[in-house]
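Undergrad:
In full-length UniProt numbering, the protein residues as written are 1 to 362.
(1) Curious, which full-length beta strand (DSSP E) runs of at least 3 residues does the stretch 90–141 contain?
(2) Under three-state DSSP, which class holds residue 76?
(3) Name, in chain order, the residues that DSSP records as bridge partners for residue 324.
(4) According to DSSP, is residue 292 part of a helix, a strand, or is it coil?
(5) Can you check which of these residues, 104, 143, 165 and 236, is closest to residue 277 by C-alpha distance?
(6) On the DSSP bridge list, what partners appear for residue 284?
(7) Can you pull the DSSP bridge partners for residue 300?
(8) Rounded to a whole number of angstroms, what is the C-alpha to C-alpha distance between residue 137 and residue 160?
(9) Cα separation between residue 168 and residue 57?
(10) Have a look at 109, 342, 252 and 89 and flag the residue whose alpha-carbon is nearest the alpha-carbon of residue 156.
(11) Applying the 10 Å Cβ sphere with the 16-neighbour rule, what's the burial state of residue 55?
(12) Measuring alpha carbon to alpha carbon, tell me which residue in 349, 245, 91 and 311 is nearest residue 39.
(13) Pull up the DSSP beta-bridge partners for residue 225, would you.
(14) Please work out which residues of its chain come closer than 6 Å, Cβ to Cβ, to residue 251, disregarding the five sequence neighbours upstream and downstream, and give them in chain order.
(15) Residue 59 and residue 150: beta carbons closer than 8 Å?
(16) In whole angstroms, what is the alpha-carbon distance linking residue 353 and residue 346?
(17) Could you tell me if residue 242 is buried or exposed, where buried requires 16 or more neighbouring beta carbons within 10 angstroms of its beta carbon?
(18) State the DSSP-derived secondary structure class of residue 254, mapped to helix, strand or coil.
(19) Exposed or buried, residue 234, counting other C-beta atoms within 10 Å across all chains shown (16 or more means buried)?
(20) Quick check on the burial criterion: 16 or more other C-beta atoms within 10 angstroms. Buried or exposed for residue 231?
(21) Would residue 76 be called buried (16 or more neighbouring beta carbons within 10 Å of its own) or exposed?
(22) With a threshold of 16 other CB atoms inside 10 Å of the CB of residue 100, please say whether the residue is buried or exposed.
(23) Determine, using beta-carbon pairs with one atom in the stretch 186–202 and one in the stretch 211–222, whether at least three such pairs fall under 8 Å.
(24) Please work out which residues of its chain come closer than 7 Å, Cβ to Cβ, to residue 35, disregarding the five sequence neighbours upstream and downstream, and give them in chain order.
(25) Among 309, 290 and 217, which one has its Cα closest to the Cα of residue 123?
(26) Which value, in whole angstroms, describes the spacing of the CA atoms of residue 342 and residue 313?
(27) Figure out for me which residue from 87, 82, 271 and 47 has the closest Cα to the Cα of residue 165.
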């Protein structure tokens with residue numbers, strides 16, 4: 001395991017960011033099924049009592065830009081078993097004023113964060129509402145469309161796929177949607193609900209050129225009816241590449257194999273999942289494990305495994321062996337790799353992930 005010294009602290013911080021930011025989704029695709037939840041919960045199959053053109057249909061109201069914040073009460077995420085990675089925001093047209101459309105809004109920035117403010121109590125100073133985990137989840141031209149189908153309410157088909165999934169833990173606070181619409185644009189009126197007793201409220205600018213304002217001039221108890229797509233956040237496990245080695249050297253030239261021999265005949269990279277007070281490595285379903293550089297997107301499965309006390313602490317650990325040739329051929333490692341990550345499932349189907357640093361010899 002590469003030690004956390006002055007030369008590696010920055011890399012460890014980067015690796016932690018990769019885990020929290022969801023870049024490992026490329027490795028976990030197909031392992032953990034996504035799920036969805038509608039907020040307000042009560043409106044999943046019921047039309048809201050109003051409509052809303054903010055913040056994605058503002059040209060319809062003569063606005064060329066806008067800052068918009070909407071809060072979602074954590075209580076409406078009570079069905080979640082724990083922290084999740086939010087991957088999509090989905091809306092639906094209003095049944096009375098919505099219409100079929102296809103449009104590209106030229107310049108949209110969407111942030112998500114966990115706020116300490118309560119519903120219907122957002123500050124008119126935007127910065128006050130933003131949580132410490134504020135994350136830009138989308139930034140750029142945003143293409144939206146709707147077929148305006150469904151007997152009522154309309155179908156959720158206005159989809160925003162987040163560039164960066166957001167790690168949300170309802171136990172930590174309410175969810176804040178923060179949209180900066182820099183370029184105006186037309187879409188349609190979205191389904192919304194207005195009630196002091198519901199789990200949403202909003203605050204925004206309501207003047208031309210308002211996106212750069214630090215304060216809101218409009219607030220009420222309304223909010224867009226929103227469907228969130230998410231995957232459960234992973235259990236972080238302790239991974240040790242080349243147990244007993246501090247620098248974790250990986251020689252890519254050892255990936256060769258002789259004619260007629262398997263990939264396992266070349267170099268093999270041992271990687272341990274360590275048992276800790278928080279996780280029993282033997283609960284890992286090794287048939288689901290994938291390993292590779294999360295920034296490359298490729299991954300390889302282990303070619304064999306053993307159970308042994310790798311770190312001499314009296315607990316059994318799971319030692320996996322990966323073919324270096326397969327890691328290279330699958331695009332899971334290259335000469336620039338600094339971090340290798342491991343993902344998989346427990347025997348109960350829970351997602352796990354962990355990482356260690358490497359020193360690659362091309």
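Every residue gets a Cβ at the ideal spot worked out from N, C-alpha and C, and that includes glycine.
TA: Looking at the coordinates:
(1) As far as the stretch 90–141 is concerned, its whole beta strand (DSSP E) runs of at least 3 residues are 101–115.
(2) Judged by DSSP in its simplified three-state form, residue 76 adopts helix.
(3) DSSP output for residue 324 lists no bridge partner at all.
(4) The three-state reading of DSSP puts residue 292 in strand, counting E and B together.
(5) Answer by Cα proximity: 236.
(6) DSSP lists 346 as partners of residue 284.
(7) Residue pairing of residue 300 in beta bridges, as defined by DSSP: 291.
(8) Near 10 Å, if we compare the C-alpha coordinates of residue 160 and residue 137.
(9) Answer to the nearest angstrom: the Cα atoms are 27 Å apart.
(10) In this structure, 89 is the residue among 109, 342, 252 and 89 with its C-alpha nearest to the C-alpha of residue 156.
(11) A residue is called buried when at least 16 other Cβ atoms come within 10 angstroms of its Cβ; residue 55 meets this threshold and is buried.
(12) Residue 91 is the option with its Cα nearest to residue 39.
(13) The partner list for residue 225 (beta bridge, DSSP) is empty, contrary to what the question assumes.
(14) 361.
(15) No, the pair does not count as a contact, with Cβ atoms beyond the cut-off.
(16) So the two alpha carbons sit approximately 10 Å from each other.
(17) Answer is buried; the Cβ neighbour count reaches 16.
(18) Three-state DSSP puts residue 254 in a helix.
(19) Counting of Cβ neighbours within 10 angstroms places residue 234 among the buried residues, the total reaching 16 or more.
(20) Buried.
(21) Residue 76 is buried by the Cβ-count criterion.
(22) By the neighbour-count rule (16 or more Cβ atoms within 10 Å), residue 100 is not buried but exposed.
(23) Verdict: yes, contact present.
(24) So the qualifying residues of the chain are 230.
(25) With distances taken between Cα atoms, residue 123 lies closest to 217.
(26) The alpha-carbon separation between residue 342 and residue 313 amounts to approximately 22 Å.
(27) Nearest C-alpha to residue 165: 87.
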